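Student: Once you've had a glance at the structure underneath, I'll fire off some questions.
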Amino acid sequence: MIQAQNLTKSFKTTTKKGFKKETTIVNAVDHVSFECKPGRIFSLLGPNGAGKTTTLRMIAGIINPSSGTAIVDHIDISENNDEVKKHIGFLTGSTGLYERLNPDETLDFFGKLYHIPEPKYSERKEYLFEKLGINEFRKKRLGQMSTGMKQKVSIARTLIHDPEVLIFDEPTSGLDVITADSIIDLIRESKENNKTVIFSSHIMSEVDLLCDDLAIISKGSIIYNDSFDNFKKEMKADNLTQEFINRVKEA
């Protein structure tokens, strides 16, 4: 489970006015609260720059909130950040991978990092390699791979320790249809295995395919937070994309 409790992230910006400098505090995320439950897929939907990635990075313990906190798998991120990371798999569309390694070596590194015992590690790796079609390039260096191949390795890295909480930050952005479909399939599988799944997107068709619960974020604030079924029942527009656009504009 994930419980975001008044998460806020503030940044200082400095502007020059003549010979003077003025410092302004900007809230990239402003008192965001929501709950993600096991066995359900929670979508954080919003336009680019709305605060989706900042919110997810705070939940994952990558950046510290200015105020507020989140409870992840019964652990408070403000009290035990390192322990939270052991319970999370975090995937973005821009995950950095060491380009001199191949997929086998990359997964071996993360398997040791998470202290996964043998033979559980080998079984898990072979399952993910087969599921994602990585076997055909498992000995190829990442620096020689396409974006889609690298993203498949990133997915395997994210899931290798079989985490209870999965965070996907616009995971299909810029990918071909086949690679994107493999990610969507794994998100569905994670739900079936009663994992807590949260994914961010600005693509309404993905939300329609996967979403059980929905929060819309705009300019750092939550403007909608309810089940996806209720969202569809309340729609005034002819389609989901237009309804999303209208709500953001109204906010």
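Heads up, the sequence shown is in my numbering, so the first residue is 11 and it goes up one at a time.
All C-beta atoms in this analysis are idealised placements derived from N, C-alpha and C, irrespective of residue type, glycine included.
Just so you know, these numbers come straight off a predicted model, no measurement behind them.
#1: Compute the beta-carbon to beta-carbon distance between R148 and N112, rounded to the nearest angstrom, for a pair I have assumed lies under 8 Å.
#2: For a test of the three-state rule: what should DSSP assign to A60, helix, strand or coil?
#3: Go to L54, then tell me how far its beta strand (DSSP E) extends in each direction, as first and last residue.
#4: Residues in the same chain with beta-carbon distance under 6 Å from T182, minus the five sequence neighbours each way, listed in chain order, please.
#5: Between M214, E253, I213, R198, which lies nearest to V207 when the distance is taken from Cα to Cα?
#6: Within this structure, are the beta carbons of H171 and I126 separated by less than 8 Å?
#7: Go to I81, then tell me how far its beta strand (DSSP E) extends in each direction, as first and last residue.
#8: Which same chain residues, not among the five before or five after R151, have their C-beta less than 8 Å away from its C-beta?
#9: Among K229, E253, S231, which one has its Cα closest to the Cα of N240?
#10: Apart from the five residues just before and just after K160, which ones in its own chain have a Cβ nearer than 7 Å to its Cβ?
#11: Quick one: Cα of V258 to Cα of R50, how far?
#12: Going by DSSP, name the residue or residues bridged to N235.
#13: Closest to E89 by CA distance: which of D186, F209, N74, Y234 is it?
#14: Of the residues D218, A14, A225, E32, which one's Cα is nearest the Cα of M68?
#15: Considering only the alpha carbon of each residue, which of E174, L185, A225, S132 lies closest to T157?
#16: Does the segment 55-62 come within contact of the segment 128-145, defined as at least 3 CB pairs closer than 8 Å?
#17: How would you label S211, buried or exposed, when you count the other beta carbons within 10 angstroms and need 16 or more for buried?
#18: So, with DSSP's three-state summary, where would you put L264?
#19: Who are the near neighbours of E140 in its chain, counting only those whose CB is closer than 6 Å to its CB and skipping five residues on each side?
#20: On the DSSP bridge list, what partners appear for F147?
#21: In terms of residue numbering, what span does the alpha helix (DSSP H) encompassing N91 cover?
#22: Measure the alpha-carbon distance for N204 versus K47 and round it to whole angstroms.
#23: Taking 8 Å as the limit between beta carbons, can you name the residues of its chain near L123, skipping five residues before and five after?
#24: In three-state terms, what does DSSP make of N16?
Tutor: The short version:
#1: The residue labelled residue 148 in the question sits at position 138 within the sequence shown. The residue labelled residue 112 in the question sits at position 102 within the sequence shown. Sure, about 6 Å apart at Cβ, within 8 Å.
#2: Numbered from 1 along the sequence shown, position 50 holds the residue referred to as residue 60. Coil at A60, not helix or strand.
#3: In the sequence shown, the residue the question calls residue 54 occupies position 44. Segment 51-55, the beta strand (DSSP E) holding L54.
#4: Translated into the one-based positions of the sequence shown, residue 182 becomes position 172. The answer, listed in chain order, is A190, I193.
#5: Here residue 207 refers to the residue found at position 197 when the sequence shown is read from its first residue. Looking at the Cα atoms, R198 is the closest of the given residues.
#6: Taking the sequence shown and counting its residues from 1, the one referred to as residue 171 is at position 161. Taking the sequence shown and counting its residues from 1, the one referred to as residue 126 is at position 116. The answer is yes: Cβ separation under 8 Å.
#7: For the purposes of this step, residue 81 is taken as the residue at position 71 of the sequence shown. It spans 77-82 - the beta strand (DSSP E) in which I81 sits, taken as one unbroken run.
#8: Numbered from its first residue, the sequence shown carries residue 151 at position 141. So the list reads E109, R110, L111, N112, once near-sequence residues are dropped.
#9: By 1-based counting over the sequence shown, the position of residue 240 is 230. Considering only alpha carbons, the answer is E253.
#10: One-based indexing of the sequence shown puts residue 160 at position 150. Result list for K160: L107, L152, in chain order.
#11: Start at 1 with the first residue of the sequence shown, and residue 258 comes out as number 248. Start at 1 with the first residue of the sequence shown, and residue 50 comes out as number 40. In a straight line, the C-alpha of V258 is about 24 Å away from that of R50.
#12: Working through the sequence shown from its first residue, we reach residue 235 at position 225. Answer is A225.
#13: In the sequence shown, counting from the first residue as 1, residue 89 sits at position 79. Comparing Cα-Cα distances from E89 to each of D186, F209, N74, Y234, the minimum goes to N74.
#14: Counting from one through the sequence shown, the residue named residue 68 turns up at place 58. Out of D218, A14, A225, E32, A14 has the C-alpha closest to the C-alpha of M68.
#15: What you label residue 157 is simply residue 147 of the sequence shown in a count that begins at 1. Minimum Cα distance to T157 is reached at L185.
#16: no
#17: By 1-based counting over the sequence shown, the position of residue 211 is 201. S211 should be labelled buried.
#18: With the chain covering 11 to 261 only, the question about residue 264 has no answer from this structure.
#19: Walking along the sequence shown from the start, residue 140 turns up at place 130. If we look at E140 and ignore the five residues flanking it on each side, it has no Cβ neighbours.
#20: Mapped onto the sequence shown, residue 147 falls at position 137. The partner list for F147 (beta bridge, DSSP) is empty, contrary to what the question assumes.
#21: Stepping through the sequence shown from its first residue, residue 91 is reached at position 81. Per DSSP, N91 belongs to the alpha helix (DSSP H) from 91-96.
#22: Counting from one through the sequence shown, the residue named residue 204 turns up at place 194. Counting from one through the sequence shown, the residue named residue 47 turns up at place 37. Spanning the two alpha carbons is a distance of roughly 9 Å.
#23: Reading the sequence shown from its first residue, position 113 is the one you call residue 123. If we look at L123 and ignore the five residues flanking it on each side, it has no Cβ neighbours.
#24: For the purposes of this step, residue 16 is taken as the residue at position 6 of the sequence shown. Reduced to three states, the DSSP call for N16 is strand.
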